[in-house]
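Residue numbers (numbering that gives the first Met the number 0), protein chains in the order written: chain A, 0 to 180; chain B, 0 to 180.
Single-structure report; data block below.
Protein chains: 2
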Amino acid sequence: MLRSPIKHCRNCGTVVAYRLPDDGDTRERAVCTSCATIHYENPLNVVGTVPYLGDRVLLCKRNIEPRWGKWTLPAGFMELGETTAEGAARETVEEAGAQFQLEGLLSVLSVPRVSQVHLFYLARLTSDRFEPGIETIEARLFTEAEVPWDEIAFRTVRETLMRYFDDRRRGSIGVHTLDID
Amino acid sequence: MLRSPIKHCRNCGTVVAYRLPDDGDTRERAVCTSCATIHYENPLNVVGTVPYLGDRVLLCKRNIEPRWGKWTLPAGFMELGETTAEGAARETVEEAGAQFQLEGLLSVLSVPRVSQVHLFYLARLTSDRFEPGIETIEARLFTEAEVPWDEIAFRTVRETLMRYFDDRRRGSIGVHTLDID
């Protein structure tokens, strides 16, 4: 979901120019050459969960690009009008059809290269039966040793899983903040 | 920064229609009636700091709307290409001209009514001299008793400050997640 440059004004359809607005802003924005509407572009949040049952975590095998066939945690773009926790829970239902109790925030990862912030919550599974959605080939539980570490779709997922298992070993779950190159 | 509905396609300028895309999406998006570009709209992150020096925190008196003249923590919209921590530090420089060492994440607050997520970091001030930017009338240090609680610009700021002072009293700073109606 890397976006191409804005070419036309969302308000009137006229061509825009990237320039410094006249309001003291220090960044170039797409400014309409007719109605002067300023178009702001900002980072996106990806929200998801680490669903766990005993010593196992739930991973989903991706049925969509990018990284088709790789394993991931249930997660997706946060939508308008929802909280981070609501978005994380929604994605867990949509992608895994899991039943769970949402718990605390586990990780906040900035990925400036793609202008994203990923937030993962813990989710205590209340069933080991899943109904994967169309974006998921398979949803399956893995112990730490079973996790297909070389087949994880995204670094934010890998880092979050590693910190979750580290915390479990230590017996104390924290909130992890991390930047991904 | 509540945005008006998209009227024209960012790619070709043609009128859009809000409808379900054909890709299995479950939400209505602004879809171009000519080139079929789908326009996604997502929540925005506001990033800022709680700058502290001893038992005092730095607040900024707003020189911009909304809430002109009210007190706030340095914070603003996260920009493309930066991490949450970088954005929080940038805003602290821009709005307060403060010198500080950025520390850990303190609060993550969802504000679904306006589709925003606010993230505040701790910032240990290394000087009590400030050079407020054009968006700030005055930057000043306050003890908890001195904070103008009834003149705080935003609930996310008020809640973050309350949790900071609570944590200080307990001698343990945590990461607070909170939803604001």
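No residue lacks a Cβ here, since even glycine has one placed at the ideal position from N, Cα and C.
Neighbouring residues, chain B, relative to K6(A) (Cβ below 8 Å):
Counting from one through the first sequence, the residue named residue 6(A) turns up at place 7. Those are R9, N10, C11, G12, listed as they occur along chain B.
What would DSSP say about L43(B), mapped onto helix, strand or coil?
Taking the second sequence and counting its residues from 1, one reaches residue 43(B) at position 44. Three-state result, L43(B): strand.
I want to verify the contact list: residues of chain A whose CB lies under 8 Å from the CB of D178(B), in sequence order.
By 1-based counting over the second sequence, the position of residue 178(B) is 179. The answer, in chain order, is T82, A84.
Can you confirm whether N62(B), when its beta carbon is compared against all beta carbons of chain A, has any partner nearer than 8 Å?
Here residue 62(B) refers to the residue found at position 63 when the second sequence is read from its first residue. N62(B) does not count as touching chain A.
Is the separation between the beta-carbon of S106(B) and that of H175(B) shorter than 8 Å?
Position 107 of the second sequence, counted from the start, is the residue given in the question as residue 106(B). Position 176 of the second sequence, counted from the start, is the residue given in the question as residue 175(B). Inclusion of S106(B) and H175(B) in the CB contact set at 8 Å is warranted, their separation being smaller than that value.
Closer than 7 Å at the beta carbon, the chain B residues around G23(A)
Start at 1 with the first residue of the first sequence, and residue 23(A) comes out as number 24. Simply I133.
Is the stretch 93 to 101 of chain B in contact with the stretch 61 to 70 of chain A, if contact means three or more CB pairs nearer than 8 Å?
The answer is no - the stretch 61 to 70 of chain A does not touch the stretch 93 to 101 of chain B, with fewer than three Cβ pairs under 8 Å.
Between which residues of its own chain and P147(B) is the CB-CB distance below 7 Å, once the five residues before and five after are set aside?
On the second sequence, residue 147(B) is found 148 positions in, with the first residue counted as 1. The residues are W70.
Status (buried if at least 16 other CB within 10 Å, exposed otherwise) for S171(A)
By 1-based counting over the first sequence, the position of residue 171(A) is 172. With fewer than 16 Cβ atoms within 10 Å of its Cβ, S171(A) is classed as exposed.
Applying the 10 Å Cβ sphere with the 16-neighbour rule, what's the burial state of I201(A)?
Since the first and last residues shown for chain A are 0 and 180, residue 201(A) lies out of range.
For P73(B), decide whether its Cβ has a neighbour in chain A, counting only Cβ atoms nearer than 8 Å.
Counting from 1 along the second sequence, the entry for residue 73(B) is found at position 74. With 8 Å as the cut-off, P73(B) does not count as an interface residue toward chain A.
Per DSSP, what kind of secondary structure is V174(B) in: helix, strand or coil?
Numbered from 1 along the second sequence, position 175 holds the residue referred to as residue 174(B). In the structure shown, V174(B) falls within a coil segment according to DSSP collapsed to helix, strand and coil.
Answer with buried or exposed for M0(B), where buried requires no fewer than 16 other C-beta atoms within 10 angstroms of its C-beta.
Here residue 0(B) refers to the residue found at position 1 of the second sequence. Model confidence at M0(B) stands at a pLDDT of 49, short of 50, so the residue's coordinates are unreliable and nothing is read from them.
Kindly confirm or deny that the stretch 80 to 92 of chain B and the stretch 6 to 23 of chain A touch, where touching means at least three C-beta pairs closer than 8 Å.
The stretch 80 to 92 of chain B vs the stretch 6 to 23 of chain A: no contact.
Counting only beta-carbon separations shorter than 8 Å, does E27(A) have a partner in chain B?
Taking the first residue of the first sequence as 1, we reach residue 27(A) at position 28. Put simply, the CB of E27(A) is far from chain B, with every gap to its CB atoms at 8 Å or more.
Let me check one thing: in DSSP terms, what residues is W70(A) bridge-paired to?
The count along the first sequence starts at 1 and reaches residue 70(A) at position 71. Beta-bridge pairing links W70(A) to K60(A), I151(A).
Assign L43(A) to buried or exposed, taking buried as 16 or more other Cβ atoms, counted over all protein chains shown, within 10 Å of its Cβ.
Within the first sequence, numbered from 1, the residue matching residue 43(A) stands at position 44. By the Cβ-count criterion, L43(A) is buried, with 16 or more other Cβ atoms from all chains shown falling within 10 Å of its own Cβ.
Comparing alpha-carbon positions, which option in L52(A), D21(A), R157(A), A144(A) lies nearest H117(A)?
Working through the first sequence from its first residue, we reach residue 117(A) at position 118. Of the candidates L52(A), D21(A), R157(A), A144(A), the one whose C-alpha sits nearest the C-alpha of H117(A) is R157(A).
Taking CB distances under 8 Å as the criterion, tell me whether Y163(A) reaches chain B.
Counted from its first residue, the first sequence places residue 163(A) at position 164. Not one beta carbon of chain B lies nearer than 8 Å to the beta carbon of Y163(A).
DSSP on M0(A), reduced to helix/strand/coil?
Here residue 0(A) refers to the residue found at position 1 when the first sequence is read from its first residue. Residue confidence for M0(A) is low, a pLDDT of 49 falling below 50, so the modelled location carries little weight and cannot support an answer.
Mind pulling the chain D residues with CB within less than 8 Å of G103(B)?
Judged by its chain identifiers, the structure shown contains no chain D, and its protein chains are A and B.
For F76(A) and chain B, any beta-carbon pair shorter than 8 Å?
In the first sequence, the residue the question calls residue 76(A) occupies position 77. For F76(A), the nearest CB of chain B lies under 8 Å from its own CB, placing it at the interface with that chain.
For P111(A), which residues in chain B fall below 8 Å Cβ to Cβ?
Mapped onto the first sequence, residue 111(A) falls at position 112. In chain order: G80, E81, T82, E85.
Please list the partners that L57(B) has in chain A, where partner means a Cβ-to-Cβ separation under 7 Å.
Taking the second sequence and counting its residues from 1, one reaches residue 57(B) at position 58. Those within 7 Å of L57(B) in chain A number zero; the least Cβ separation is about 22 Å.
Give me the Cβ distance between G49(A) and L140(A), rounded to the nearest whole Å; I'm assuming they're in contact under 8 Å.
If you number the first sequence from 1, residue 49(A) lands on position 50. If you number the first sequence from 1, residue 140(A) lands on position 141. Checking the displayed sequence, the identity of residue 49(A) turns out to be Val instead of Gly. Between L140(A) and V49(A) the Cβ distance is about 12 Å, and since that is not below 8 Å, they are no contact.
Classify L19(B): buried if its beta carbon has 16 or more other beta carbons within 10 angstroms, exposed otherwise.
Taking the second sequence and counting its residues from 1, one reaches residue 19(B) at position 20. Residue burial is scored here from C-beta neighbours: L19(B) has fewer than 16 other C-beta atoms within 10 angstroms and is therefore classed as exposed.
Where C31(A) falls, given that 16 or more other Cβ within 10 Å makes a residue buried:
The sequence position of residue 31(A) within the first sequence is 32, counting from 1. With 16 or more other Cβ atoms within 10 Å, it is buried.
Between the CA atoms of A35(A) and L177(B) - distance to the nearest angstrom
Here residue 177(B) is taken as the residue at index 178 of the second sequence, counted from 1. Here residue 35(A) is taken as the residue at index 36 of the first sequence, counted from 1. Those two C-alpha atoms are separated by around 37 Å.
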